[in-house]
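Each remark here refers to the structure printed beneath this line.
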Amino acid sequence: MFKAPRGTQDILPAEQPYWQLARDKIREVSSLYGFRRIDPPLFEETGLFVRGVGETTDIVEKEMYTFKDKGGESLTLLPEGTASFMRAYLEHGMQVLPQPVKLYSTLPLFRYERPQAGRFRQHYQFNAEAIGEAHPAVDAEIIALAWSLYSSLGLKGLKLQLNSIGDSRCRPGYNKLLTTYLREHQKRLAKTDRERLSRNPLRVLDSKESASQKVIAQAPKSVEHLCEDCAAHFAGLREYLGLMGISYTLNHRLVRGLDYYTRTVFEFWAAGIGAQNAVGGGGRYDGLAKLLGGKDTPGVGFGLGLERIILAMQQQKISPPPDPGPQVYLLYHGAAAQNEAIRLAEKLRGAGIRAGVSMGGRSLKAQMKQADREGVKFALILGEKEIEKSTVTAHIMQTGEEFTVAQGQLLNWLSDRLFRR
RNA sequence: GUGAGCGUGGCCGAGGGGUUUAAGGCACCUGGUUGUGGCCCAGGAGAUCGCGGGUUCGAAUCCCGCCGCUCACCCCA
């Protein structure tokens, strides 16, 4: 038997109400904040990610779904959204639009990872990106959008983690400082962190190794070594967040694994959904456009994993509005009645009534049972008697009462009961 | 890529070498109603016990390998 590939899942009808609610709120809140939808292709030239995300990142080194098409071109299923947004911005000359250009999308993303709670090889991510403006108020607006999306979904108790990691001017200096410090205390670091130190010292900061915690706690903090502009930007952002009443935790250990981040980085954390507790995250990427060969263009954005927010919703017992099921179900007795039932069902659907018809010619009892399982308000019975007199028997499921209704009157009869009050 | 736990009908789940021709529950089908649901009763269908190999007179049960699932690490949403 075939199974869904590892790390992928079927989103079954029973789960769909959560997804529907999430998508509805995403649309609503995005437009509230002036973001417009864009849908990039689901694969891009491989080079876009190699250059944009960074050659030494985990994504590029081991997580991309890369393949050659029949023309011999190397393509990659999107492992993240931001590079595509920026590519589209540059490709379509969006610098002539009023800046910043605010875009959003919900995309399936693909990363070859070991699945675990809240992590998949294909996952859906909502992205909101504001490109073309470096002012910290834009960072604040993105964070506010995220915050308001969470609260519109009813999520409570999320924690916003905030940090600034500087830019191309001040980060190299900080990096050196951090490396020197960590080298001095190498002996007190876990061995995986010692290895990490030589590859990417910033990553040591968010290590979960218990042995390293004391050293990390005393490590120099990036926010204390920002250049003047970065410091001003960060101060500005904090002021706007305060202004908007958004509370946050300064997290000196928050670094993110993609190379393009500059200055602002942030994550939203949820409790109770497993080790992968970040339900959203993002930051500023002022260097990305240039990496992609475009004109220097600032940008800031964020991504939110739909699977993870749905986990959080379930964990917090938030129930979405249920799917509307059929309102009526047609049963029949006899072959002539079957034709009539099918015809009538179409007529009802044409009038906006969600109607199901029994199929397969089973006993009336079995059909009635099915009507019950479908959760309809009315079972409409057609048999010899009804055909002869052009009526239907309307059976009210809740009470068991039955009415004989002329077929010509059925639409009115149902409308009265389904659409009033 | 690494580590740990786990794989028994559609779902949950008992059984841990021989009366197992594998319990029980949910769901499904049929009947108890000649044209009628939810409750009840009776009956029925549905499992090569993840796959392959080994040990044994005998394996769902023990051993090995593989595959898969889950959780965790790395890292991310």
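So for the first sequence, our numbering puts the first residue at 558; every next one is plus one. Ideal Cβ positions, reconstructed from N, Cα and C, are used throughout, including at glycine.
Can you pull the DSSP bridge partners for Phe859? In the first sequence, counting from the first residue as 1, residue 859 sits at position 302. Secondary-structure assignment with DSSP links Phe859 through a beta bridge to Ala685, Gly839.
As a quick exercise: from Tyr805, Tyr817, Leu849, Leu702, pick the residue whose alpha carbon is nearest that of Ser588. In the first sequence, the residue the question calls residue 588 occupies position 31. For Ser588, the nearest C-alpha among the options comes from Leu702.
By the 10 Å Cβ neighbour count, where 16 or more other Cβ atoms means buried, how is Phe667 classified, buried or exposed? What you label residue 667 is simply residue 110 of the first sequence in a count that begins at 1. Counting Cβ neighbours within 10 Å, Phe667 comes out buried, since at least 16 surround it.
Quick one: what's got a C-beta closer than 7 Å to Val914's C-beta in the same chain, skipping five residues either side? As a position in the first sequence, residue 914 is number 357, starting the count at 1. Counting only Cβ-Cβ distances below 7 Å, and skipping sequence neighbours, we find Leu887, Ala898, Ile899, Ala902.
Reduced DSSP secondary structure (H/G/I, E/B, other) of His952: The residue given as residue 952 occupies position 395 in the first sequence. Looking at His952 - three-state DSSP - the assignment turns out to be strand.
Closer than 7 Å by C-beta to Lys582: which residues in its own chain qualify, once you throw out the five before and the five after it? Chain order, please. Position 25 of the first sequence holds residue 582. Leu706, Ser709, Leu710, listed in sequence order.
Minimum C-alpha distance to Asp880 - residue among Asp567, Arg563, Trp576: Against the first sequence, residue 880 aligns to sequence position 323. The option with the nearest alpha carbon to Asp880 is Trp576.
When we look at the beta-carbon of Ile568 and count the other beta-carbons within 10 Å, is it buried (16 or more) or exposed? As a position in the first sequence, residue 568 is number 11, starting the count at 1. Exposed, because fewer than 16 other Cβ atoms sit within 10 Å of the Cβ of Ile568.
Going by Cα to Cα distance, which pick from Val586, Gly891, Asn720 is closest to Ala685? On the first sequence, residue 685 is found 128 positions in, with the first residue counted as 1. Closest option to Ala685, judged by alpha-carbon separation, among Val586, Gly891, Asn720: Val586.
Return helix, strand or coil for Arg676, following the three-state DSSP convention. By 1-based counting over the first sequence, the position of residue 676 is 119. Strand.
Would you kindly work out how many angstroms separate the C-alpha atoms of Leu905 and Leu968, rounded to a whole number? What you label residue 905 is simply residue 348 of the first sequence in a count that begins at 1. What you label residue 968 is simply residue 411 of the first sequence in a count that begins at 1. Cα to Cα, Leu905 sits roughly 7 Å from Leu968.
Going by the DSSP bridge assignment, what does Trp826 pair with across the sheet? The count along the first sequence starts at 1 and reaches residue 826 at position 269. Residue pairing by DSSP puts Trp826 in a beta bridge opposite Lys716, Ala835.
Name the residue from Pro729, Gly730, Arg728, Arg753 whose alpha carbon lies nearest to the alpha carbon of Arg740. Counting from 1 along the first sequence, the entry for residue 740 is found at position 183. Considering only Pro729, Gly730, Arg728, Arg753, the residue with the shortest C-alpha distance to Arg740 is Arg753.
Following the continuous alpha helix (DSSP H) through Ile944, name the residue where it begins and the one where it ends. Along the first sequence, one-based indexing puts residue 944 at 387. Residue range 941 to 946 is occupied by the alpha helix (DSSP H) that includes Ile944.
Let me know if Gln924 comes out buried or exposed under the rule of 16 or more other beta-carbons within 10 Å of its beta-carbon. Position 367 of the first sequence, counted from the first residue, corresponds to residue 924. Counting the other Cβ atoms within 10 Å of the Cβ of Gln924 gives 16 or more, which makes it buried.
Please name the residue in Val933, Thr961, Ser721 whose C-alpha comes closest to that of Glu945. Mapped onto the first sequence, residue 945 falls at position 388. The candidate whose alpha carbon is nearest that of Glu945 is Thr961.
Ignore the nearest five residues each way along the sequence and tell me which others in Asp696's own chain have a CB closer than 7 Å to its CB. Sequence index remark: in the first sequence, residue 696 carries index 139 (1-based). The beta carbon of Asp696 sits closer than 7 Å to those of Leu794, Thr821, Arg841, Val857, all from its chain and outside the five residues before and after it, given in chain order.
Report buried or exposed for Thr948, applying the criterion of at least 16 other Cβ atoms within 10 angstroms of its Cβ. Residue mapping note: residue 948 aligns to position 391 of the first sequence, counting from 1. So Thr948 ends up on the buried side.
Is it a yes or a no for the segment 665 to 683 touching the segment 715 to 727, going by three-plus beta-carbon pairs under 8 Å? Judged by Cβ distances under 8 Å, the segment 665 to 683 makes no contact with the segment 715 to 727, as fewer than three pairs qualify.
Kindly indicate which three-state DSSP category Ser767 falls into: helix, strand or coil? Translated into positions along the first sequence, residue 767 becomes position 210. DSSP places Ser767 in the helix class (H, G or I) of the three-state scheme.
Whole beta strand (DSSP E) elements within the segment 687 to 764, 3-residue minimum: Secondary structure within the segment 687 to 764: the beta strand (DSSP E) runs of 3 or more consecutive residues, fully enclosed, are 716 to 721 (chain order).
Could you check whether Arg911 and Pro883 sit closer than 7 Å to each other, using their CB atoms as the reference points? As a working note, residue 883 is residue 326 in the first sequence. As a working note, residue 911 is residue 354 in the first sequence. Yes, these two residues count as a Cβ contact at 7 Å.
Taking contact to mean at least 3 C-beta pairs separated by less than 8 Å, is the segment 599 to 608 in contact with the segment 732 to 748? In short, these stretches do not touch, since the Cβ pair count stays below three.
Which value, in whole angstroms, describes the spacing of the CA atoms of Tyr527 and Gly837? For residue 527 there is no data in the structure shown, the boundaries of the chain being 558 and 978.
What first and last residue would you give for the alpha helix (DSSP H) that runs through Ala561? Indexing the first sequence from 1 puts residue 561 at position 4. Neither: Ala561 is in no alpha helix (DSSP H) and is coded neither H nor E.
Under 8 Å by Cβ, that's how I've got Thr614 and Tyr622 pegged, so tell me the actual separation to the nearest angstrom. What you label residue 614 is simply residue 57 of the first sequence in a count that begins at 1. What you label residue 622 is simply residue 65 of the first sequence in a count that begins at 1. Not really, about 15 Å apart at Cβ, beyond 8 Å.
Would you kindly work out how many angstroms separate the C-alpha atoms of Arg644 and Leu664, rounded to a whole number? Along the first sequence, one-based indexing puts residue 644 at 87. Along the first sequence, one-based indexing puts residue 664 at 107. Each residue's Cα considered, the two are about 16 Å apart.
Within a Cβ cutoff of 6 Å, which residues of the same chain sit near Trp970, ignoring the five residues on either side of it in sequence? Your numbering for residue 970 matches position 413 in the first sequence. Cβ contact annotation for Trp970 (same chain, cutoff 6 Å, sequence separation greater than five): Val962, in chain order.
Can you tell me which of the three DSSP states Thr961 falls into? Locating residue 961 in the first sequence gives position 404, counting from the first residue. Three-state DSSP puts Thr961 in a strand.
So, is Tyr843 buried or exposed, given that buried needs 16 or more other C-beta atoms within 10 angstroms? On the first sequence, residue 843 is found 286 positions in, with the first residue counted as 1. Checking the displayed sequence, the identity of residue 843 turns out to be Asp instead of Tyr. The Cβ neighbour count for Asp843, taken over all protein chains shown within 10 Å, is at least 16; the residue is labelled buried.
Distance, Cα to Cα, Val933 vs Pro636? As a first step, residue 933 must be located in the first sequence, where it is residue number 376. As a first step, residue 636 must be located in the first sequence, where it is residue number 79. About 43 Å.
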